[in-house]
């Protein structure tokens with residue numbers, strides 16, 4: 013049976029690497045069979061992500077149902093507290109070593125969750141590979157979203173060589189270390205000591221010499237005399253808009269601020285943005301977060 017579905021169109025030489033990345037991030041839609049189209053391969057994805065387009069695919073015959081889950085490296089995160097389903101999932105994927113269930117939402121000033129181990133190795137630590145970079149992650153001590161890997165590449169693609177970049181909420185460093193490939197300097201700040209500890213490890217793991225880790229409250233960064241940045245990343249979806257005045261103070265005229273936020277209506281945070289800059293604003297939906305709410309990004313030009 014044929015069906016229309018979102019997909020990424022990639023060159024054949026990049027198809028396998030992209031397929032593995034989408035699988036790891038839980039974005040490859042395994043209900044449909046990837047197919048060739050000229051010199052490209054079409055990889056079906058579960059939602060409208062950056063660069064996705066609509067194409068027709070042949071459905072794959074149903075296999076044993078697996079529970080809904082997210083993948084972070086070798087860890088699967090189930091949406092339900094179901095040990096039997098966790099065992100089935102662990103057995104179905106040789107790359108997995110642990111299946112977790114989140115006992116709390118993301119909470120507190122450090123953006124962490126408590127997890128129960130449903131199957132496999134009793135750990136919340138894993139290693140994530142993303143576009144040739146490696147990140148050690150501990151989900152109980154520092155927030156990490158594998159689903160933003162495409163966003164990190166999008167921002168990297170927008171950068172000029174030699175930019176100065178600031179990641180105000182760096183976590184274990186996925187944005188900062190990715191952008192360091194093109195930046196002259198990246199300052200990576202976070203309030204969470206455990207996140208900064210992992211960030212320092214990941215800087216060494218990737219042999220990145222131009223990222224400066226900073227244990228700091230983002231609201232206080234304008235006070236420490238940093239030179240203005242060409243690009244500021246604000247990936248704190250539940251609270252980032254409150255830090256826009258600090259971001260604007262840290263960004264040079266003509267520079268760019270990337271604000272990530274959860275919203276319920278289009279343009280919800282434009283009043284906050286207009287309070288700090290008159291520059292051009294482009295809003296995009298990154299992914300669906302929950303019914304009636306989505307993860308959005310505002311690309312903001314600092315002006316005036």
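Residue numbers (my numbering): 13 to 316.
The C-beta atom is built at its ideal place from N, Cα and C for all residues, glycine as well.
DSSP, reduced to helix, strand and coil, places residue 169 within a helical segment of the structure shown. In this structure, residue 242 sits away from residue 206, with a CB-CB distance that is not shorter than 8 angstroms.
Note on residue 56: 16 or more other CB atoms within 10 angstroms of its CB, so buried under the neighbour-count rule.
Residue 211 is a Cβ neighbour of residue 184, given a cutoff of 8 angstroms. Following the DSSP letters along the chain, one finds residue 211 in no beta strand (DSSP E) but inside the alpha helix (DSSP H) bounded by residues 205-217.
Pairing residue 96 with residue 79, the inter-Cα distance amounts to about 10 angstroms. By the 16-neighbour rule on beta-carbons within 10 angstroms, residue 214 is buried. Taking a 10 Å sphere around the C-beta of residue 103, we find fewer than 16 other C-beta atoms and assign the residue as exposed. In the DSSP assignment, residue 157 falls outside any alpha helix (DSSP H), carrying neither H nor E. Taken in chain order, the unbroken stretches of beta strand (DSSP E) that lie wholly in the stretch 105-149 and span 3 residues or more are 110-114, 127-132, 137-142. Contact check for residue 116 and residue 154: beta-carbon distance about 15 angstroms, past the 8 angstroms limit, so the pair fails to qualify. Per DSSP, the continuous alpha helix (DSSP H) segment holding residue 30 begins and ends at 24-36.
DSSP places residue 186 in the helix class (H, G or I) of the three-state scheme. Residue 196 and residue 222 do touch by the CB rule: their CB atoms are close to 7 angstroms apart, below 8 angstroms. Membership of residue 307 in the beta strand (DSSP E) is indicated by the continuous run 305-313.
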